[in-house]
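Per the working numbering, the very first residue in the sequence shown carries number 1; after that it's consecutive. A virtual CB, placed ideally from N, CA and C, is assigned to each residue, including glycine.
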Amino acid sequence: ADRKLALTAIVQGPVAPMGVYSQKHKTLADVKTGAKVALPNDPSNLARALLVLQQAGLVKVKDGVNPARISELDLAANPRKLKFVALEAAQLPRVLQDADLVVVNGNFAISSGLKLSEAVVLEKTPDAYLNVVAVKTGNESKPWAKDLAAAYRSPEFKAVVDSQFVGYMKPAFLN
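Shown next, in the form of structure tokens:
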């Protein structure tokens with residue numbers, strides 16, 4: 001909508017959840033006042049990271065704020081006075097030794113050798129974050145688009161997701 005593109009979703013796919021990782025703390029109870037938290041610096045992932053911190057009970061976002069556009073300015077409460085450092089999302093796994101907590105996109109966590117199961121907190125990923133396969137509106141009924149959607153819904157695709165993408169949020173048809 002922001003780019004005024006005429007797209008139609010044909011199927012959803014799995015997505016790796018965002019996680020809060022730490023080399024310094026095993027639980028959130030260990031996190032002290034004034035702890036340094038590294039977050040993604042791009043707007044959509046920053047918003048998502050702040051929502052993960054809210055899910056974890058570390059911050060409170062003001063009511064009525066567009067969840068896709070949340071920033072540090074939209075926090076109603078930060079009881080532990082966490083200090084936020086915004087960095088390029090792909091670089092976040094590299095600062096684990098420098099920060100108390102690092103909020104990392106699942107794809108960057110996995111590609112850097114982190115396991116989703118190692119996160120101190122793992123995002124309860126809402127359906128809105130699932131990957132979407134979209135085509136130019138008008139192409140959704142074309143045979144190739146139907147074949148593509150069918151491939152995502154196939155038992156073979158489910159088997160790959162179940163074996164190689166453990167911990168990913170999946171659309172209902174893959175559960």
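Three or more Cβ pairs drawn from the segment 138-153 and the segment 1-21 lie within less than 8 Å of each other, which places the two stretches in contact. Annotated three-state conformation of residue 157 is helix, per DSSP. As computed with DSSP, residue 76 is found in no beta bridge at all. Per the C-alpha coordinates, the member of 3, 17, 7 positioned closest to residue 117 is 17.
Listed in chain order, the beta strand (DSSP E) runs fully inside the segment 19-82 are 19-21, 36-40, 75-77, counting runs of at least 3 residues. For residue 119, there is no enclosing beta strand (DSSP E), since its DSSP letter is neither H nor E.
Cβ neighbours of residue 96 within its own chain (closer than 8 Å, five residues either side excluded): 21, 22, 23, 102. Secondary structure of residue 142 (DSSP, three-state): coil.
The continuous alpha helix (DSSP H) containing residue 107 extends over residues 106-111. Straight across, the Cα-Cα distance linking residue 134 with residue 32 is about 44 Å.
Within the same chain, and ignoring the five residues on either side of residue 1 in sequence, no residue has its Cβ closer than 8 Å to its Cβ. Per the Cβ contact rule, the segment 156-165 is not in contact with the segment 42-56 (fewer than 3 Cβ pairs under 8 Å). Counting C-beta atoms within 10 angstroms of its own C-beta, residue 99 has 16 or more neighbours from the protein chains shown and is therefore classed as buried.
Shown here, residue 128 sits in a helix according to DSSP, grouped into three states. For residue 97, no pairing in a beta bridge is given by DSSP. Within the same chain, 89, 90, 92, 93 come within 8 Å of residue 108 by CB-CB distance, once the 5 residues on both sides are set aside.
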